[in-house]
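This report refers to the structure that appears directly beneath it.
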Amino acid sequence: SAYLIDKKRKQAELVELDYPMTLVNSAPEVKELGWDDVMPVDVIGLEVGYRLIPLVDKNQGGQLMTRIKGVRKKLSQELGFLVPSVHIRDNLDLTPTSYRISLMGVTVGEADIMPEMEMAINPGRVFGSLPGKPCKDPAFGLEAVWIEPSQKDHAQTLGYTVVDPGTVVATHLSHLLQSHAHELLGYEETQKILENLAKSAPKLVEDLVPKTLPLGVVAKVLQNLLQERVPIRDMRTIAETLAEYGAKSQDPDILTSAVRASLGRLIVHEISGIQNELPVITLDGELEQLLHKSLQTAGESGVGIEPGLAEQMHTSIQDSAQKMEMEGETAILLVSSYIRPWLARFVRH
């Protein structure tokens, strides 16, 4: 019996010794993490539910990819820089008929659409109602109805604008990219713009960056312009203005105001085309003088006006803008160049 006990003890020791050895030998080799494992976010992303996959699949007759390429080309030509490509993928976490648009990995827009139907949008004046599922146009928030394709001609007769689901998504994407254009332009895009300009004006670019201004300041000025819906197509004028005023100031806001003045004709043309008259909203003379003095005293970031006056200004400007838009005109607030930067921020926020 002593022999058996000793034998069992040795077997137990063998088991205890063999077990960790077996575990080590069978463990898979763990790959060392590297920077390739950190995936960058998509600059522009479009995710679709599984029922919307046919819209982006060319093999199933989907036209959305072609439309998005058209949107990108049109915006690039209008804005003045190459808009990044759109990364499209399906997402099973979304509801089957919904889509999501993101910038830098953050959702900026989403909607639910009906892929087998068409959207009849009420542009403001129609001559009858339509049977269907009421909804809102995701791009502009207009009242709309999802209708059967067979109702398209009737809906157009009543004054509705009828679009297919792919156009709904492409229009929504285009609207968001225009609104966030300043976020799409960074250092790399600014450098590419300058390299392109250098092909026709090498001396201008050489004198501008980095002799007069650092690349970051030029990028910030371009972002400011895009945020205010001013195209940067005329880079020669923009660069010449920056080269002239950059010797006096490197403040992006001051430089933006100088560039806006140089692009005055373009800005007006974008609004009114070739019209000789341009209806505008103006401030009361005394109010404008008050704001001017307040800015001189406190500086642009610290201007102080009474909360009651600020609320009254905001309400009056909003009411006047809505009135102009109801009359079919673009709402334009015309003020002196000195208070314009501050007032632009005030109105936006």
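Just so we're aligned: 363 in the numbering used here is position 323 of the sequence shown, and the numbers increase by one with no gaps anywhere. Backbone N, C-alpha and C define an ideal beta-carbon position, used for all residues, glycine too.
- Message: On a Cα-Cα basis, can you pick out the residue from Thr-201, Leu-266 and Ser-240 that is closest to Gly-226?
- Response: Nearest option by C-alpha distance: Leu-266.
- Item | Sequence-distant residues of the same chain with beta carbon closer than 8 Å to Val-249, five excluded per side | Here the set comprises Leu-234, Leu-255 and Val-258.
- State whether the segment 282-292 contacts the segment 318-329, with contact taken as three or more CB pairs (one from each stretch) at a distance under 8 Å. no
- Item | Element boundaries [beta strand (DSSP E), containing Gly-85] | 84-88 is the span of the beta strand (DSSP E), which, as asked, contains Gly-85.
- Message: Check this for me: beta carbons of Pro-189 and Pro-155, under 7 Å apart or not?
- Response: no
- Query: Once you ignore the five residues that flank Arg-380 on each side, which residues in its own chain have a CB closer than 6 Å to its CB?
  - Reply: Correct list: empty, nothing qualifies.
- Could you check the C-alpha separation between Ser-297 and Val-270 for me, to the nearest Å? 12 Å
- Residue interval of the beta strand (DSSP E) (run including Trp-186): 183-187
- Query: Can you give the beta carbon distance from Leu-393 to Arg-276, rounded, assuming they're within the 8 Å contact cut?
  - Reply: Since the displayed the chain opens at 41 and closes at 389, residue 393 lies outside it and no answer follows.
- Task: With a cut-off of 8 Å on the beta carbons, I'd call Leu-303 and Ile-372 a contact; round off their distance for me.
- Result: At roughly 15 Å, the Cβ-Cβ gap does not stay under 8 Å, so Leu-303 and Ile-372 are not in contact.
- Can you tell me which of Ile-141, Glu-280 and Pro-136 puts its alpha carbon nearest to the alpha carbon of Val-83? Ile-141
- Query: In the DSSP assignment, what are the bridge partners of Pro-174?
  - Reply: Val-185
- Query: Using CA coordinates, which residue listed in Asp-152, Ala-184, Gln-103 and Ala-361 is at the minimum distance from Val-166?
  - Reply: Residue Ala-184 is the option with its Cα nearest to Val-166.
- Query: Are Ala-221 and Val-111 closer than 7 Å when you measure CB to CB?
  - Reply: no
- Using a Cβ-Cβ cut-off of 7 Å (strictly less than) and excluding sequence neighbours within five positions of Leu-216, which residues of its own chain qualify? Ile-141, Val-148 and Gly-149
- Meets three-Cβ-pair contact criterion under 8 Å: the segment 110-127 and the segment 166-175: No contact exists between the segment 110-127 and the segment 166-175.
- Could you give the C-beta distance for Ala-160 and Leu-170, rounded to a whole number, given that I count them as a contact under 8 Å? 6 Å
- The beta strand (DSSP E) spanning His-359 covers which residue range? Before going on, a small fix: residue 359 reads as Asp here, not His. From DSSP, Asp-359 is part of no beta strand (DSSP E) but of the alpha helix (DSSP H) over 347-366.
- In the DSSP assignment, find the unbroken beta strand (DSSP E) run with Ser-297 in it and report its ends. Per DSSP, Ser-297 belongs to no beta strand (DSSP E); it is in the alpha helix (DSSP H), 292-302.
- Query: So, helix, strand or coil for Ala-210, using DSSP?
  - Reply: helix
- Item | Sub-7 Å separation of Pro-292 and Lys-333 beta-carbons | no
- In the structure shown, what three-state DSSP assignment does Glu-150 receive? strand
- Task: Quickly, what does DSSP pair Ala-160 with across the bridge? List them, please.
- Result: Looking at the DSSP assignment, Ala-160 forms a beta bridge with Val-185 and Val-202.
- Excluding the 5 residues preceding and the 5 following His-389 in the sequence, name in chain order all residues of the same chain whose CB lies nearer than 8 Å to its CB. Excluding sequence neighbours, His-389 sits near nothing in its chain.
- Assigned secondary structure, Tyr-139 (DSSP; H/G/I helix, E/B strand, else coil): strand
- Between Lys-113, Val-208 and Leu-134, which lies nearest to Ser-125 when the distance is taken from Cα to Cα? For Ser-125, the nearest C-alpha among the options comes from Lys-113.
- Task: Determine the extent of the alpha helix (DSSP H) in which Arg-385 is found, giving its start and end residues.
- Result: 380-388
- Message: Just to confirm my understanding: we take Glu-53, look at its own chain, exclude 5 residues before and 5 after, and list those with CB closer than 7 Å. What are they?
- Response: In this predicted model, Glu-53 has a pLDDT of only 49, less than 50, meaning its place in the structure is not dependable enough to derive any value.
- Message: Taking the alpha-carbon of Arg-91 as reference, which of Ser-214, Val-202, Pro-347 and Asp-152 has the nearest alpha-carbon?
- Response: Asp-152
- Message: Could you give the first and the last residue of the continuous beta strand (DSSP E) run that contains Ile-93?
- Response: Premise fails: Ile-93 lies in the alpha helix (DSSP H), 93-96, not in any beta strand (DSSP E).
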